[in-house]
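According to our numbering, the sequence shown is numbered sequentially starting from 1.
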Amino acid sequence: MTRRAQFDFPSFYAALSATVKARDTTWKIVSEETGVSQTTLSRMSSGRQPDAASLTALSAWSGLNPVDFTSAQRREREPMAMVSKLLRADPNLDRDGADALESIINTAYDRFRRRRESR
Numbered sequence: 001m002t003r004r005a006q007f008d009f010p011s012f013y014a015a016l017s018a019t020v021k022a023r024d025t026t027w028k029i030v031s032e033e034t035g036v037s038q039t040t041l042s043r044m045s046s047g048r049q050p051d052a053a054s055l056t057a058l059s060a061w062s063g064l065n066p067v068d069f070t071s072a073q074r075r076e077r078e079p080m081a082m083v084s085k086l087l088r089a090d091p092n093l094d095r096d097g098a099d100a101l102e103s104i105i106n107t108a109y110d111r112f113r114r115r116r117e118s119r
């Protein structure tokens, strides 16, 4: 039986709040800069967890990694997940280009990975 990772929201919110204070800013400005509504931020102060999009925006704004607030042990990143992320972050590629390159790399990766495993 696999144990599901638990997100420590109170610790995340405390770190987020400390970031707001350290940057000498306001929650209203955080809302404007992240696109997360003031209502969501207010609910968070009462212990309500935000949706995934809001958590992502707040994490990007603050530099906090939500994984650091989970009970699960951190695993190594999968190489193809890293490649996919890098291709999609490349400003020189559109979505179709990134998809095409990812398909090519996936095919080669699967071929060579299997060859190594069968030795």
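Yeah, the Cβ is synthetic: ideal placement off N, Cα and C, and Gly gets one too.
{"Asked": "Excluding five sequence neighbours on each side, which residues of the same chain lie with their C-beta closer than 8 angstroms to the C-beta of T19?", "Found": "S62, G63, L64"}
{"Asked": "Leaving aside the five residues before and after D120 along the sequence, list all residues of the same chain whose C-beta is less than 8 angstroms from its C-beta, in chain order.", "Found": "Residue 120 is absent from the model: the chain starts at 1 and stops at 119."}
{"Asked": "Spatial neighbours of A98 within its chain, please: C-beta separation below 6 angstroms, excluding the five flanking residues on both sides.", "Found": "L87, R88"}
{"Asked": "If you follow the alpha helix (DSSP H) that S31 is in, where does it begin and where does it stop?", "Found": "27-34"}
{"Asked": "Who are the Cβ neighbours of S71 in its own chain at under 6 angstroms, not counting the five residues just before and after it?", "Found": "A5, Q6"}
{"Asked": "I need the boundaries of the alpha helix (DSSP H) containing P79, first residue and last residue.", "Found": "79-89"}
{"Asked": "Tell me, please, which residues DSSP counts as bridged to F9.", "Found": "F9 pairs with nothing; no bridge assigned."}
{"Asked": "Considering Q49, what are the terminal residues of the alpha helix (DSSP H) in which it resides?", "Found": "Note, Q49: premise wrong, no alpha helix (DSSP H); not H, not E."}
{"Asked": "Would T107 be called buried (16 or more neighbouring beta carbons within 10 Å of its own) or exposed?", "Found": "exposed"}
{"Asked": "Contact check, S11 vs F69 under 8 angstroms by CB: the rounded distance?", "Found": "5 angstroms"}
{"Asked": "Quick one: Cα of I105 to Cα of N92, how far?", "Found": "17 angstroms"}
{"Asked": "Use the C-beta contact count for V30: other C-beta atoms within 10 angstroms, 16 or more gives buried, fewer gives exposed.", "Found": "buried"}
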